[in-house]
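Asker: Shown below is the structure under consideration.
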Amino acid sequence: MTQLSRRSFLTLAGAAAAGYFVGAPRLAMAVEPFVLPPLPYGDADLAPVISQETIGFHYAKHHQTYVNNLNALVAKPENADYAELGLEEIVRATAHRRSLIALFNNAAQAWNHEFYWNSLTPKGGDNQKPTGMLLEKLEAAFGSYEGFKVKFRDAAVGQFGSGWAWLVCERGELKIVTTSNAGNPLTADPRYFLGKDRKRHYRHGPIPLLTIDVWEHAYYIDYRNRRKDHVDAVINSLLNWNQALDRLAAVS
Ligand SMILES: [Fe+2]
Numbered sequence: 081m082t083q084l085s086r087r088s089f090l091t092l093a094g095a096a097a098a099g100y101f102v103g104a105p106r107l108a109m110a111v112e113p114f115v116l117p118p119l120p121y122g123d124a125d126l127a128p129v130i131s132q133e134t135i136g137f138h139y140a141k142h143h144q145t146y147v148n149n150l151n152a153l154v155a156k157p158e159n160a161d162y163a164e165l166g167l168e169e170i171v172r173a174t175a176h177r178r179s180l181i182a183l184f185n186n187a188a189q190a191w192n193h194e195f196y197w198n199s200l201t202p203k204g205g206d207n208q209k210p211t212g213m214l215l216e217k218l219e220a221a222f223g224s225y226e227g228f229k230v231k232f233r234d235a236a237v238g239q240f241g242s243g244w245a246w247l248v249c250e251r252g253e254l255k256i257v258t259t260s261n262a263g264n265p266l267t268a269d270p271r272y273f274l275g276k277d278r279k280r281h282y283r284h285g286p287i288p289l290l291t292i293d294v295w296e297h298a299y300y301i302d303y304r305n306r307r308k309d310h311v312d313a314v315i316n317s318l319l320n321w322n323q324a325l326d327r328l329a330a331v332s
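For the sequence shown, the working numbering begins at 81 and goes up steadily by one.
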């Protein structure tokens, strides 16, 4: 499970206190701005695979901009209801709705990037390797750890334009999916139901375990147009398999 940003935590804690999850009337909550969650490592710790300069732009500029944009959007009177929701709730409530595309894009990119930073670790990839239930499911789905690496690399390289490659768990099976732009597997299923708040809520899609960002801003400083080299290096050296195992155990 991705780390909760302070805003998400406050919202969820407030929601729990207000009985939101058990259908009790919602109480007015103070609007806290979304904040950029801290990186789980130093900004130079992923080098040489991802340089400090890339992190400086990607995290401190791009990720920060999505957070800033989201704060500005939920501050608008017409979006007041969304200011009371957590990040994932906004993603679920705004997916597939053309009139809410700006809210979705910025909330999903904030969610995706927080998840992405936690999908990486300085001594990950082949230095860590999947174990236990995660390894068993990888072997069942892709033949072997090495087989997974090739399919994940090919999916990430093959994603046309900006987007994301994801290792997900769907009904107990591991799969690789890609999404375009701000897309997120959680809302891949376009069917929805109306919640007690009378807003659309999207049915659970596959549960993300790991992701790689293949927007050009993720690699262009270090690799220029060589997306494949970047993706290979991330898979071999940075994927946080311990995090993926924890996420898998949480949904199994
Ligand atoms: Fe990004």
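Glycine residues also receive a C-beta, built at the ideal position from the N, C-alpha and C atoms.
Grab me the residues of residue 236's own chain with a C-beta within less than 6 Å of its C-beta, minus the 5 sequence neighbours each way, in chain order.
Answerer: 245, 292, 294, 311
Asker: Distance, Cα to Cα, residue 258 vs residue 156?
Answerer: 32 Å
Asker: Can you tell me whether residue 203 is helix, strand or coil according to DSSP?
Answerer: coil
Asker: On the CB-based measure, 16 or more other CB atoms within 10 Å of its CB, does residue 274 come out buried or exposed?
Answerer: exposed
Asker: Straight-line CA distance for residue 323 to residue 154?
Answerer: 31 Å
Asker: Starting from residue 255 and walking both ways along the alpha helix (DSSP H), at which residues does that stretch end?
Answerer: Unbroken run through residue 255 is the beta strand (DSSP E), 253-260; no alpha helix (DSSP H).
Asker: Taking the alpha helix (DSSP H) that residue 167 belongs to, which residues open and close that run?
Answerer: First-last of the alpha helix (DSSP H) with residue 167: 167-174.
Asker: With burial defined as no fewer than 16 other Cβ atoms inside 10 Å of the residue's Cβ, what is the status of residue 160: buried or exposed?
Answerer: exposed
Asker: Taking contact to mean 3 or more Cβ pairs, one atom from each stretch, closer than 8 Å, check whether the region 217-225 and the region 184-201 are in contact.
Answerer: The region 217-225 makes no contact with the region 184-201; the number of CB pairs closer than 8 Å stays below 3.
Asker: Since residue 272 is in the alpha helix (DSSP H), which residue starts that stretch and which ends it?
Answerer: It is not in any alpha helix (DSSP H) - residue 272 instead sits in the beta strand (DSSP E) that spans 272-274.
Asker: Can you look up residue 234 in the DSSP assignment and give me helix, strand or coil?
Answerer: helix
Asker: So is residue 226 buried or exposed if we call it buried at 16+ other beta carbons inside 10 Å?
Answerer: Burial call: exposed.
Asker: For residue 45 versus residue 205, is the C-beta distance shorter than 7 Å?
Answerer: With the chain represented from 81 up to 332, any question about residue 45 goes unanswered, as that position is not in the structure.
Asker: Between which two residues does the alpha helix (DSSP H) holding residue 145 run?
Answerer: 144-154
Asker: Near residue 268, which residues of its chain fall below 8 Å by C-beta distance, leaving aside the five closest residues on each side in sequence?
Answerer: 257, 259, 285, 286
Asker: Figure out for me which residue from 135, 184, 115, 252 has the closest Cα to the Cα of residue 297.
Answerer: 135
Asker: Just to confirm my understanding: we take residue 315, look at its own chain, exclude 5 residues before and 5 after, and list those with CB closer than 7 Å. What are they?
Answerer: 205, 229, 232, 233
Asker: Within 10 angstroms of the Cβ of residue 331, are there 16 or more other Cβ atoms? Answer buried if so, exposed if not.
Answerer: exposed
Asker: May I ask you to check if the CB of residue 302 is nearer than 6 Å to at least one heavy atom of ligand 1?
Answerer: No, since every heavy atom of ligand 1 falls outside the 6 Å radius drawn around the Cβ of residue 302.
Asker: Do residue 120 and residue 198 have their C-beta atoms within less than 7 Å of each other?
Answerer: yes
Asker: Measuring CA to CA, which of 283, 239, 279 is closest to residue 308?
Answerer: 239
Asker: Excluding the 5 residues preceding and the 5 following residue 81 in the sequence, name in chain order all residues of the same chain whose CB lies nearer than 8 Å to its CB.
Answerer: Bear in mind that a pLDDT of 37 at residue 81, under 50, signals an unreliable position, so the model cannot answer this.
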